[in-house]
Amino acid sequence: MQPELTVRDDNNLVWQSYAQMNLADTPLMIKSAQGVYLTLENGKRMIDGISSWWSTCHGHAHPYIVSKVVKQVNDLPHIMFAGLAHNSVYELSKKLIKILPQGLEHFVYCESGSVAVEIALKIALQYYSNQRQYRSKFIYFENSYHGDTIGCSIVTDDNTITHQFAKKNEHSIKSKLPQNKQDLADFDRLLSNNKEQIAAVIIEPIFQGAGGMKFHTPEILAEIYKITKKYGLLFIADEIATGFYRTGKYFACDHASITPDIICLGKGITSGVIPFAAVGTTDEVFFSFYSDNPEYALKHGTTFAANPLGCMAAIGSIELFEQKPRKLQVANMSDQLKSQLEPLKKHHKVKEVRVLGAIGAVELDCSIKDILLMRSLIRKKEAWLRPFGNVLYTMPPFITNQNEISTITQTIESLVLTI
Numbered sequence: 016m017q018p019e020l021t022v023r024d025d026n027n028l029v030w031q032s033y034a035q036m037n038l039a040d041t042p043l044m045i046k047s048a049q050g051v052y053l054t055l056e057n058g059k060r061m062i063d064g065i066s067s068w069w070s071t072c073h074g075h076a077h078p079y080i081v082s083k084v085v086k087q088v089n090d091l092p093h094i095m096f097a098g099l100a101h102n103s104v105y106e107l108s109k110k111l112i113k114i115l116p117q118g119l120e121h122f123v124y125c126e127s128g129s130v131a132v133e134i135a136l137k138i139a140l141q142y143y144s145n146q147r148q149y150r151s152k153f154i155y156f157e158n159s160y161h162g163d164t165i166g167c168s169i170v171t172d173d174n175t176i177t178h179q180f181a182k183k184n185e186h187s188i189k190s191k192l193p194q195n196k197q198d199l200a201d202f203d204r205l206l207s208n209n210k211e212q213i214a215a216v217i218i219e220p221i222f223q224g225a226g227g228m229k230f231h232t233p234e235i236l237a238e239i240y241k242i243t244k245k246y247g248l249l250f251i252a253d254e255i256a257t258g259f260y261r262t263g264k265y266f267a268c269d270h271a272s273i274t275p276d277i278i279c280l281g282k283g284i285t286s287g288v289i290p291f292a293a294v295g296t297t298d299e300v301f302f303s304f305y306s307d308n309p310e311y312a313l314k315h316g317t318t319f320a321a322n323p324l325g326c327m328a329a330i331g332s333i334e335l336f337e338q339k340p341r342k343l344q345v346a347n348m349s350d351q352l353k354s355q356l357e358p359l360k361k362h363h364k365v366k367e368v369r370v371l372g373a374i375g376a377v378e379l380d381c382s383i384k385d386i387l388l389m390r391s392l393i394r395k396k397e398a399w400l401r402p403f404g405n406v407l408y409t410m411p412p413f414i415t416n417q418n419e420i421s422t423i424t425q426t427i428e429s430l431v432l433t434i
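Numbering (the working numbering), first residue to last: 16 to 434.
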């Protein structure tokens with residue numbers, strides 16, 4: 016039943032992400048963001064300890080990226096990407112070819128990570144359709160998360176975000192993420208038994224994000240890839256969260272020295288300056304669409320595909336990776352996160368502490384009430400954090416200095432001590 020509102024509440028004008036609007040706290044109002052800091056309307060500054068959902072790897076509003084976008088706004092803010100093109104899309108593509116796992120040389124550009132995954136799934140389905148093979152299923156893993164659209168929910172593990180939307184048994188098969196030889200044998204058997212129906216295996220390489228901040232080893236990733244290719248199936252790497260040094264290497268696939276057939280990129284690709292994402296493919300995939308038959312063309316195109324502003328922001332972000340010691344910064348940050356978070360293992364409510372690259376996660380044995388309490392207390396802290404389920408984590412901008420990292424880890428410690 017609709018509540019009777021005598022005074023319109025601005026908070027109810029807009030749905031907050033994943034929020035029950037009847038219960039949600041009033042959001043903190045941000046006036047500006049620069050570097051690692053969020054400035055509230057009341058003048059308080061908070062360190063952004065999660066890079067605004069893992070995107071602002073160079074910090075907020077990096078002047079180098081912003082200056083490129085401003086120039087692009089004045090020159091060419093937007094054109095349709097059908098029959099028309101612009102230089103920045105080709106410049107960006109050449110830059111990506113140089114840094115991605117070898118062999119990824121063809122790209123589709125879009126507006127968000129979820130759309131990138133949708134495109135990857137469509138490419139996989141049409142790859143086989145173009146060969147007159149009907150394949151309708153995808154293999155995904157426990158605790159996976161690949162986005163919020165209907166297609167993404169098909170390959171995302173059941174949770175409170177996606178369980179209402181996807182009929183997974185029709186289009187996908189869930190696998191345990193292998194941890195040992197027996198698990199790998201089970202995975203092999205799963206693919207063998209369903210290989211004629213499967214279009215692709217999709218995975219968040221090395222690091223599963225929203226599904227619980229869980230890691231797996233390069234050796235396991237390499238074996239999953241090897242088994243997938245054994246059956247001639249496409250391998251999709253969702254590197255939207257893991258790409259651009261977040262796990263310590265340029266791309267998480269680099270840990271296992273593998274080249275996926277399809278890769279999805281987002282978040283750090285523009286350091287959060289512009290909503291933008293990309294899908295890359297190998298020659299084999301690209302040329303399965305390359306034909307005299309118009310029906311073989313990739314059936315995808317959106318209004319803001321390959322938007323010039325997004326392309327230019329991505330160029331700026333990649334050039335900063337070329338110019339700045341981001342790999343070293345991440346390595347140093349990882350060492351500090353380990354040294355400052357691992358002592359929390361002694362706390363009776365801490366189940367596990369996990370650190371990889373610029374990711375630090377503390378898994379808790381706690382209740383929903385505890386999580387809500389921590390979320391409330393964070394509003395008064397010096398660092399902004401946002402727990403996922405029972406995991407309190409940080410994924411800071413790579414420019415965060417040692418004192419700021421200490422502030423983040425002290426905030427995490429103080430929250431753990433409240434439960």
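Heads up, the beta-carbon is just placed ideally off N, CA and C, and yes, glycines get one too. Owing to the predicted nature of the structure, the values given are computational and were not obtained by experimental measurement.
>> With H, G and I counted as helix, E and B as strand and the rest as coil, what does DSSP make of glutamate 419?
In response: By one-based count along the sequence shown, residue 419 stands at place 404. Glutamate 419: helix per DSSP, three-state reduction.
>> DSSP three-state label for glutamine 223, please.
In response: The residue you call residue 223 lines up with position 208 of the sequence shown. Glutamine 223 falls in the strand class under three-state DSSP.
>> Suppose the cutoff is 6 Å on Cβ atoms and the five residues either side in sequence are ignored; what does the same chain contact list for isoleucine 414 look like?
In response: By one-based count along the sequence shown, residue 414 stands at place 399. Answer for isoleucine 414: Gly74, listed in chain order.
>> Counting beta carbon pairs with one atom in the segment 287-295 and one in the segment 377-397, are three or more of them shorter than 8 Å?
In response: no
>> Within a Cβ cutoff of 8 Å, which residues of the same chain sit near proline 42, ignoring the five residues on either side of it in sequence?
In response: Position 27 of the sequence shown, counting from 1, holds the residue named residue 42. These residues qualify, in order along the chain: Asn26 and Gln31.
> By DSSP, does glutamine 49 sit in helix, in strand, or in coil?
Replying inline: Reading the sequence shown from its first residue, position 34 is the one you call residue 49. Strand, per DSSP.
> What residue from Gln49, Thr71 and Lys46 has the CA that sits closest to tyrosine 260's CA?
Replying inline: Taking the sequence shown and counting its residues from 1, one reaches residue 260 at position 245. Nearest of Gln49, Thr71 and Lys46 to tyrosine 260, Cα basis: Thr71.
>> Please report the straight-line C-alpha distance between glutamine 212 and glycine 247, rounded to a whole angstrom.
In response: Position 197 of the sequence shown, counted from the start, is the residue given in the question as residue 212. Position 232 of the sequence shown, counted from the start, is the residue given in the question as residue 247. C-alpha separation (whole angstroms): 12 Å.
>> If distances are taken between C-alpha atoms only, which option among Gly258, Ala214, Ile251 and Ala131 comes closest to threonine 164?
In response: For the purposes of this step, residue 164 is taken as residue 149 along the sequence shown, with counting starting at 1. It is Ala131 whose Cα lies nearest to the Cα of threonine 164.
>> Let me make sure I understand the geometry here. Which of Lys46, Met61 and Ile45 has the alpha-carbon closest to that of tyrosine 52?
In response: Within the sequence shown, residue 52 is the residue found at index 37, counting from 1. It is Met61.
> What's the call for alanine 329, buried or exposed, on a 16-neighbour Cβ count within 10 Å?
Replying inline: As a working note, residue 329 is residue 314 in the sequence shown. When all chains shown are included, alanine 329 counts as buried.
> When we look at the beta-carbon of methionine 44 and count the other beta-carbons within 10 Å, is it buried (16 or more) or exposed?
Replying inline: In the sequence shown, residue 44 corresponds to position 29, counting from 1. Methionine 44 is exposed by the Cβ-count criterion.
> Do alanine 215 and phenylalanine 271 come within 7 Å of each other at the CB atom, strictly closer than that value?
Replying inline: Counting from 1 along the sequence shown, the entry for residue 271 is found at position 256. Counting from 1 along the sequence shown, the entry for residue 215 is found at position 200. Sequence inspection shows alanine at residue 271; the phenylalanine mentioned does not correspond to that position. Result no, Cβ atoms of alanine 271 and alanine 215 do not sit closer than 7 Å.
>> Counting beta carbon pairs with one atom in the segment 116-134 and one in the segment 316-336, are three or more of them shorter than 8 Å?
In response: yes
>> Could you tell me the alpha carbon to alpha carbon distance between valine 22 and alanine 39, rounded to whole angstroms?
In response: Along the sequence shown, read from residue 1 onward, the residue named residue 22 stands at position 7. Along the sequence shown, read from residue 1 onward, the residue named residue 39 stands at position 24. Confidence at valine 22 is low in this model, with a pLDDT of 44, below 50, so its placement is unreliable and no value can be given for it.
> For the putative contact between aspartate 63 and proline 412, defined by C-beta atoms under 8 Å, what is the C-beta separation to the nearest angstrom?
Replying inline: Here residue 63 corresponds to residue number 48 of the sequence shown, with the count starting at 1. Here residue 412 corresponds to residue number 397 of the sequence shown, with the count starting at 1. Contact holds; Cβ gap of about 7 Å.
>> Going by DSSP in three states, serine 272 sits in which element: helix, strand or coil?
In response: The count along the sequence shown starts at 1 and reaches residue 272 at position 257. In the structure shown, serine 272 sits in coil (DSSP, three-state: anything other than H, G, I, E or B).
> Roughly how many angstroms lie between the CA atoms of isoleucine 432 and valine 370, to the nearest whole one?
Replying inline: For this step, residue 432 is matched to residue 417 along the sequence shown. For this step, residue 370 is matched to residue 355 along the sequence shown. Sequence inspection shows leucine at residue 432; the isoleucine mentioned does not correspond to that position. Going by the C-alpha atoms only, they are around 20 Å apart.
>> Does alanine 320 come out as helix, strand or coil in the three-state DSSP assignment?
In response: Along the sequence shown, one-based indexing puts residue 320 at 305. It is coil, neither helix nor strand.
>> Which residue wins for smallest C-alpha separation from asparagine 195, given the options Lys264, Glu357, Ile235 and Glu120?
In response: Taking the first residue of the sequence shown as position 1, residue 195 is located at position 180. Measuring from the Cα of asparagine 195, the nearest candidate turns out to be Ile235.
>> For leucine 20, which residues in the same chain have their Cβ closer than 7 Å to its Cβ, ignoring the five residues on either side in sequence?
In response: Here the question's residue 20 lines up with position 5 in the sequence shown. Bear in mind that a pLDDT of 46 at leucine 20, under 50, signals an unreliable position, so the number given afterwards is only what the model happens to contain. None.
> Using the C-alpha atoms, what's the distance from glycine 331 back to tyrosine 160?
Replying inline: Numbered from 1 along the sequence shown, position 145 holds the residue referred to as residue 160. Numbered from 1 along the sequence shown, position 316 holds the residue referred to as residue 331. Looking at the two C-alpha atoms, the distance is approximately 28 Å.
>> Tell me which residue opens and which closes the alpha helix (DSSP H) that methionine 389 is part of.
In response: As a working note, residue 389 is residue 374 in the sequence shown. Methionine 389 -> alpha helix (DSSP H) spans 383-393.
> Roughly how far, in whole angstroms, is the beta-carbon of glutamine 146 from the beta-carbon of serine 303, given that I think they are within contact range, below 8 Å?
Replying inline: Locating residue 146 in the sequence shown gives position 131, counting from the first residue. Locating residue 303 in the sequence shown gives position 288, counting from the first residue. Right, the Cβ-Cβ distance comes to about 7 Å (below 8 Å), so this counts as a contact.
> Hey, quick one: how far does the beta strand (DSSP E) through phenylalanine 156 stretch, first residue to last?
Replying inline: Here residue 156 is taken as the residue at index 141 of the sequence shown, counted from 1. Looking at the DSSP string, the run of the beta strand (DSSP E) that includes phenylalanine 156 is 152-156.
> So which of Asn208, Thr257 and Asp298 has the shortest CA-CA distance to glycine 281?
Replying inline: The residue you call residue 281 lines up with position 266 of the sequence shown. Checking every option, the nearest Cα to that of glycine 281 belongs to Thr257.
> With distances taken from CA atoms, which of Ile218, Val377 and Asn102 is nearest leucine 192?
Replying inline: Position 177 of the sequence shown holds residue 192. Nearest option by C-alpha distance: Ile218.
> Per the contact definition of three or more C-beta pairs closer than 8 Å, is the segment 337-349 in contact with the segment 199-210?
Replying inline: no
>> Within a Cβ cutoff of 8 Å, which residues of the same chain sit near lysine 83, ignoring the five residues on either side of it in sequence?
In response: Indexing the sequence shown from 1 puts residue 83 at position 68. The residues are Met327, Ala328, Ile330 and Gly331.
>> Does valine 216 come out as helix, strand or coil in the three-state DSSP assignment?
In response: The residue you call residue 216 lines up with position 201 of the sequence shown. Strand, per DSSP.
> Terminal residues of the continuous beta strand (DSSP E) containing lysine 366?
Replying inline: Position 351 of the sequence shown, counted from the first residue, corresponds to residue 366. Residues 365-371.
>> Can you tell me which residues form a DSSP beta bridge with methionine 61?
In response: The residue labelled residue 61 in the question sits at position 46 within the sequence shown. Partner(s): Leu53.
> Between Leu99, Ala97 and Val104, which lies nearest to glutamine 87 when the distance is taken from Cα to Cα?
Replying inline: Residue mapping note: residue 87 aligns to position 72 of the sequence shown, counting from 1. Glutamine 87 has its Cα closest to that of Val104, out of Leu99, Ala97 and Val104.
> Which value, in whole angstroms, describes the spacing of the CA atoms of glutamine 223 and lysine 189?
Replying inline: Indexing the sequence shown from 1 puts residue 223 at position 208. Indexing the sequence shown from 1 puts residue 189 at position 174. In a straight line, the C-alpha of glutamine 223 is about 15 Å away from that of lysine 189.
>> Once DSSP output is grouped into helix, strand and coil, what is the label at valine 84?
In response: Working through the sequence shown from its first residue, we reach residue 84 at position 69. Three-state DSSP puts valine 84 in a helix.
> Along the chain, where does the beta strand (DSSP E) that runs through isoleucine 374 open and close?
Replying inline: The residue given as residue 374 occupies position 359 in the sequence shown. Its beta strand (DSSP E) spans residues 374-379.
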